[in-house]
Structure formats: C-alpha cells, structure tokens
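Worksheet: one structure, shown below.
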Amino acid sequence: MLYASPFITTYSLVCVALLGLVMGSFLGCLAWRITHGESVLRGRSHCDECGHALGIGDLIPVFSWLAHHGKCKYCGARISAKHPIGELLCATAYVTIVAHYGITLEAVEMLVFASALFVISLTDIEDYLVPNGAIVVAIAARIVFIAAAYALLASGVDAALIFAEPAKHVGAPADVALALVRDSLIGGVGVGIIIIVIVIVMDKVLGKESMGGGDIKLFAVAGFYFGWQQCLFLVIVACIVGLVFAAFQMKRQSQEDENDKQLAEDIKDQTGFDAALERTCLPAFPFGPSIAIACWITMLFGAPVVNWYFKLF
Ligand SMILES: [Zn+2]
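Here the sequence shown is numbered in the working numbering, starting from -15 and rising by one per residue.
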C-alpha cells in the first residue's frame, strides 16, 4: 500500500519523518527524566540549567534549537547538539522502518520497539542504565502484536496489512500465531541462555564483569523479536558496532590524556607544582547503543542476510 503511487509514498514518509522528530524529542525528554529521577508522567518540560518551563514554541524538534542558535532562550545556557542529533536519528529510524515494513501492523510493532531501544541507548550513554520499563514495553509490544495479528487474521483481515512479508505467514490464523509464539520463545530464551553462558565464561577469563545485566536482557529481547537465526547476525553486528565505538572512545581518551599531560607540564613550568594525574582505570563503556543499532540493522537487513546464509548449505 505504501508504494501504490509516488505521491502516497512521499506523503506517508514525510508524515512518518515528522512523527519521528516529535517522538525523538519526547523520548529524549523521557530518558532525561529517567536518569535524573524525575517523574516520567508529571511536570512540564524545562531548561536543564535555569529550570524555566518551556512553551510550545520551544519544543519544536530541531527547529527550536536552530532558531535559538543552540542556546536557552531564557538564560542563554548552551543546549547540547545531541538533542537535535537524537531527534534526527529517531526520525531516520522511523522512516527506514516504515519504508521497509510498509503500512502494516508489523511496522507499528517495530516503531514501538525502536522507541524503547532509543530510550535505552540514551539512558545507557548518560548513566550506564537499561531501564526495566523500556524492556517491559518492548516485550509487551511483541505480545500485543502477536495477539492482534491472530485476532485480525481470524476476522478475515488481509495478511498484507499485518505482515511486511505475508507470504511467510500463510495458514490458519491459530497456526500463524502459534508459529510466531514458538519462534519468539525459542529466540528469547535461547539467545538469553547462550549470552549468559558466554558472559560467565568471559567473566572467568577476563577476571572482571564483561557485560552488564541490562545488555543481557537486551539481547534476550532481541531474540524474542527476531528469532535465534537472525540473532546470530545481530550479535555479530552489535560486536562490530561496539568495536567501532570503543575505538573512537579510546582515541578521544588518548587525546584527553595528552591534553592533561600538556596542562600538567605547563603548571609545573609556571608554579613548580606537580599536577600530573595518572588515570588508574579505563572508564566503563556502554554497550546498549551498539545492541540497539544492531537491532535496527537486523530489522532492515536481518531476513535477507539470514536467507542468503542458510542457502549456502
Ligand atoms: Zn535556561
């Protein structure tokens, strides 16, 4: 239906992009409230610095930030560029998901899952936190999707309005729903157990915690959505993305160390005071965003890659 005519395609995707921008702004605010211990339901949005309540005109995604040159209108405090960047990323995720899944119930399910992943990424970057609420929302969206798919199929709704690939879900409504439940349970439990075993072995080998409990939950939820086959692909992608992020962080870290060393030398030259500080341990590294990006890539490319891979045998 999405590709019925160029006009429908363009119009639908522009609407989805606007929805993605608004949701990106809303979810960013939600993540901020979770990490700062504020109520997620009550209270108005406000400036982090001066606490001034924000009006409708201050809450337009990306444009408000651009219009005020990245500063608070009331106190002039700088507002990080990560806000508009997050909103644009959320809109990009939304558009690619609808472009791939079409106007279907499955697309709605994946948008909810992507929104939960977006919040988890932000809270993990900010505070090394994977909120249980976001995990519960993701699991609930999958359960509701399967139940709704069954109800709609049973009442004679065209499978093309429910699934992105209806040809993969043919048969009696009960059989289709049972197959979805089976794949989700095997994926969620199977992937969860395999990851826990890997983590226990890694912890023993490295002699320290290799992966947080939140990351394990996130992999299990991914298994619940994609089944175990696509999760093989997902774990590989998550590790590659994680390595890229870790490399960037190490590069930035060494640059900061270099600056600190230079500063300490300057202080010593001028005052004779030895201000050199040794970094005793590397900072922890949030893995959640890498898993979230891997989930996004799996939504878009998981099925074709797995089909190709299993045809090799
Ligand atoms: Zn302010």
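Even for Gly, the Cβ is constructed at its ideal location relative to N, Cα and C. Keep in mind the model is a prediction, meaning the values are calculated, not measured.
Between the CA atoms of residue j and residue i - distance to the nearest angstrom
i: L89; j: F147; result: 7 Å
i: V302; j: C13; result: An answer regarding residue 302 cannot be provided, because it is not within the stretch -15 to 297 covered by the chain.
i: F217; j: G256; result: 56 Å
i: L296; j: Y134; result: 33 Å
i: R310; j: S105; result: In this structure the chain extends from -15 to 297, so residue 310 is not present and cannot be described.
i: A278; j: I109; result: 16 Å
i: I81; j: Y(-13); result: 14 Å
i: A161; j: I224; result: 34 Å
i: K192; j: I184; result: 10 Å
i: V121; j: V219; result: 22 Å
i: T(-7); j: A124; result: 29 Å
Beta-carbon proximity check, residue i vs residue j, cutoff 8 Å
i: M94; j: M283; result: yes
i: L101; j: A276; result: yes
i: L113; j: T19; result: yes
i: S48; j: G41; result: yes
i: E33; j: C56; result: yes
i: C59; j: H36; result: yes
i: I281; j: V221; result: yes
i: F210; j: G286; result: yes
Heavy atom of ligand 1 within 7 Å of residue i beta-carbon
i: E193; result: no
i: H36; result: yes
i: A51; result: no
i: A363; result: Because the chain spans -15 through 297 in this model, residue 363 falls outside it and cannot be assessed.
i: E242; result: no
i: C56; result: yes
Sequence-distant residues of the same chain with beta carbon closer than 6 Å to residue i, five excluded per side
i: T264; result: Any reading at T264 must be qualified, since the residue scores a pLDDT of 49, below 50, and its modelled position is unreliable; no value is offered.
i: A138; result: P157
i: W16; result: none
i: G140; result: none
i: A1; result: A75 and V79
i: G198; result: V114
i: T107; result: A15, I18, T19, L113 and P115
Nonlocal neighbours in the same chain, by C-beta distance under 7 Å from residue i, ignoring five residues either side
i: C215; result: G171, V175, A206 and G207
i: F300; result: Look at the range of the chain in this structure, -15 to 297, and you will see that residue 300 is not part of it.
i: V46; result: L5, P68, E71 and L72
Contacting residues, own chain, Cβ-Cβ under 8 Å from residue i (five flanking each side not counted)
i: L190; result: none
i: G8; result: P45, G70, E71, L72, L73, C74, A75 and F102
i: I200; result: G176, I179, I180 and V183
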